[in-house]
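Protein chains in written order, with the working numbering: chain A, 1 to 313; chain B, 314 to 626. Step one of this worksheet: look at the structure below.
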DNA sequence: CATGACCATCAGGGTAACTGATGATCAACG
DNA sequence: CGTTGATCATCAGTTACCCTGATGGTCATG
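Here it is as structure tokens:
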């Protein structure tokens, strides 16, 4: 078994082969390709060594060359290969301009609900054929791990990350007190007034930890009576009178008539929403644009009016 | 538009690319491929110039390299291309051994009926996956033209051809007189006895011309009352009493009880059946084998007993 | 027989590719 | 916190290859 080895095949060979098959003579093919007749002769000879057999019969004299059966057999696949390579080149161009591509983005509940629709909407406008794969998790560090392992191109994250990740800050998301309407008088509520009050919250995740740490450093030991990672459930429990909740503003529906929002005094340090990617990792043009769009869209949240001002003024 | 041009792409590039993507480091890929790490580094750099973008992120230090989005996008097509090239190589091997292929053969009625079934049968045994395309014509020079133009790889022909074609002689096919049983007494018939006798024959083709030329050079001007190129029809007309016929032995059914065969005195020069191909044209291995098989099979016809010996003895 | 069109081959110069060595980077480890 | 080891980039040098230009051989044409 003499397995023909085409590891040394070059596109030049196939281009020359195709040209000669089309033109009928080495000279015309050479002229067309900007080579010397000698060069084409050597290229074809080289290809014939590679495939271990003559590809053209050279009748001699002024008669055109003709494909041998082997050449005839190779011509189709050769042309198909050339076409395929051309298609790959075009596809790379489309990739570079963002006409085609794929991007995998990590996200979590509140961002999915409030921010992502705006970003995705603009992405679909700009890159209608780019696949946007979303990966939502509210678990502890699942997004970080996935981002670190390369599964995600980008991820929305809470807080600033340095070292492993690079990031762009999007907006600050203040913590607010969520209560039943009328439970507290409109306006700020002092943290001290929340001592012993039954509270609803999330399981330990970066956001919840930030929250609790803030409360404790203010001297308050919160009294959690229920924990769930579903933001809607938290609000529902508040409405049901199970307790109050300290939540990032983005996690609640400000217009929900069943709840009332209050600033806290002293205010907890806001959580910072950023979009991050692996340090040193090349971002695709599409991913870069995604980041920019996220930044632009986030101005809406950075500048949003705090809801209690309108309602309590 | 900066159309990525992959004319300078070489398989080496893709092999190296694939190896690095698999192995994770340039060094391991180099070792696997029998190159230096430096060589792989330069090959990848070269490929990156071709596609105008980094394919790997090099984190530095002992960490493995990782595909950039561009590299990720290219990897699939690159591997597919490699697979395709490998498949082409295997296909060429199969072509060389005759496992796959195609052969176009010109033929004419009598050969189709008597010789070809034997040849094709053996070909199908030896090369079950080779396509055998047959092209039958009894017209004047249609086979010669098709063979000369390259449409046919091989063709059965009458007579010896030199110059334009190369050929192998297969067997000699003597002319016999076809009559109704009992019309002449068994045994040879003198040409002189055929003067004025109504005759059935073919239209002008190489075989018929050979026939008529032979008769005329013996001083006989044949009296054709009907011409058809269908051998069966010729025999049928003889049976019907329209006339007698001078035919190559291969064109009649010796065992047909409705006719009787007679040698001619003096005998006409036999037609020579050969198989021919364009001079200087490379024959595929399958075509070469076809010729050999045709030669072997033809021994049957070269050595066949002349039918009148058995019947008239 | 001369001409012209064609391909193969040769010698050469130039370029590209591989090798081997060196330097820079960074994780891991003590 | 320095040392070690693994990694890739780069450099210089050599080799190998490819293209050019010239030459010679072949063959149809007139």
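Think of the CB as a built atom: it goes at the ideal place given N, C-alpha and C, for glycine as much as any other residue. The structure displayed is predicted, hence computed values, not measured ones.
Residues of chain A with a CB under 8 Å from the CB of residue i: which are they?
i              : result
residue 318(B) : 89
residue 379(B) : 150, 281
residue 362(B) : Within chain A, no residue comes near residue 362(B); the closest Cβ sits about 13 Å away, beyond 8 Å.
residue 375(B) : Under the 8 Å cutoff, chain A gives no residues; its nearest Cβ is about 15 Å from residue 375(B).
Quick check on residue i: does DSSP put it in helix, strand or coil?
i              : result
residue 560(B) : strand
residue 170(A) : strand
residue 372(B) : coil
residue 67(A)  : strand
residue 97(A)  : helix
residue 9(A)   : coil
residue 546(B) : helix
residue 526(B) : helix
residue 456(B) : helix
residue 259(A) : coil
residue 90(A)  : helix
residue 565(B) : coil
residue 17(A)  : helix
residue 79(A)  : helix
residue 284(A) : coil
residue 220(A) : coil
residue 491(B) : strand
residue 428(B) : coil
residue 3(A)   : coil
residue 240(A) : coil
residue 583(B) : coil
residue 313(A) : Bear in mind that the predicted position of residue 313(A) carries a pLDDT of just 38, short of 50, making it unreliable; the figure below should be weighed with that in mind. It is coil, neither helix nor strand.
residue 335(B) : helix
residue 358(B) : helix
residue 299(A) : helix
Output needed for residue i: all residues of its chain with C-beta closer than 7 Å, excluding positions within five of it in sequence on either side, in chain order.
i              : result
residue 484(B) : 586, 611, 614, 615
residue 129(A) : 99, 100
residue 178(A) : 235, 238, 244, 245, 247, 252, 259, 261
residue 14(A)  : 78, 81, 82
residue 305(A) : none
residue 451(B) : 421, 422, 518, 542
Who are residue i's beta bridge partners in DSSP?
i              : result
residue 539(B) : 513(B)
residue 577(B) : 502(B)
residue 448(B) : 419(B)
residue 588(B) : 469(B), 481(B)
residue 130(A) : 101(A)
Can you list the residues of chain B that residue i reaches, using a CB-CB cut of under 9 Å?
i              : result
residue 147(A) : Simply none; closest approach about 13 Å.
residue 54(A)  : 595
residue 287(A) : 382
residue 81(A)  : 394, 397, 398, 401
Output needed for residue i: all residues of its chain with C-beta closer than 8 Å, excluding positions within five of it in sequence on either side, in chain order.
i              : result
residue 310(A) : Only weak support is given to the placement of residue 310(A): the predicted model assigns it a pLDDT of 42, under 50, and the value that follows is read from those uncertain coordinates. For residue 310(A), where only same-chain residues beyond five positions count, there are no Cβ hits under 8 Å.
residue 222(A) : 194, 199, 201, 212, 215, 216, 246
residue 541(B) : 513, 515, 516, 547, 550
residue 51(A)  : 4, 6, 70, 74
residue 136(A) : 106, 107, 108, 109, 112
In chain A, which residues lie with their C-beta within 9 Å of the C-beta of residue i?
i              : result
residue 323(B) : 8, 9, 10, 11, 12
residue 430(B) : Those do not exist, as residue 430(B) stays about 24 Å from chain A at its closest Cβ, beyond 9 Å.
residue 441(B) : Neighbours of residue 441(B) on chain A: none; closest Cβ ~18 Å, over 9 Å.
residue 535(B) : Under the 9 Å cutoff, chain A gives no residues; its nearest Cβ is about 42 Å from residue 535(B).
In chain B, which residues lie less than 8 Å from residue i when you measure between Cβ atoms?
i              : result
residue 153(A) : 382
residue 344(A) : Outside the displayed span of chain A (1 to 313) sits residue 344(A), for which this structure offers no information.
residue 74(A)  : 401, 405
If the cut is a Cβ gap below 7 Å, which residues of chain A does residue i touch?
i              : result
residue 328(B) : 7
So is the beta-carbon of residue i under 7 Å away from any non-hydrogen atom of the ligand SAH?
i              : result
residue 468(B) : No copy of the ligand SAH appears in this structure; indeed no ligand is present at all.
To which residues of the same chain is residue i closer than 6 Å at the C-beta, ignoring the five residues directly before and after it?
i              : result
residue 268(A) : 175, 214
residue 434(B) : none
Can you pull the chain B residues whose beta carbon is under 7 Å from the beta carbon of residue i, in chain order?
i              : result
residue 305(A) : Here the premise fails: no neighbours, minimum Cβ distance about 39 Å.
Interfacial residues, the segment 92-115 of chain A to chain B, with Cβ spacing under 9 Å: 92, 93, 95, 96, 100, 101, 102, 103
Where the segment 330-344 of chain B meets chain A: residues whose CB sits under 7 Å from a CB there: none
Near-chain A residues of the segment 560-588 of chain B - C-beta to any C-beta below 8 Å: none
Residues in the segment 481-510 of chain B having any Cβ partner in chain A nearer than 7 Å: none
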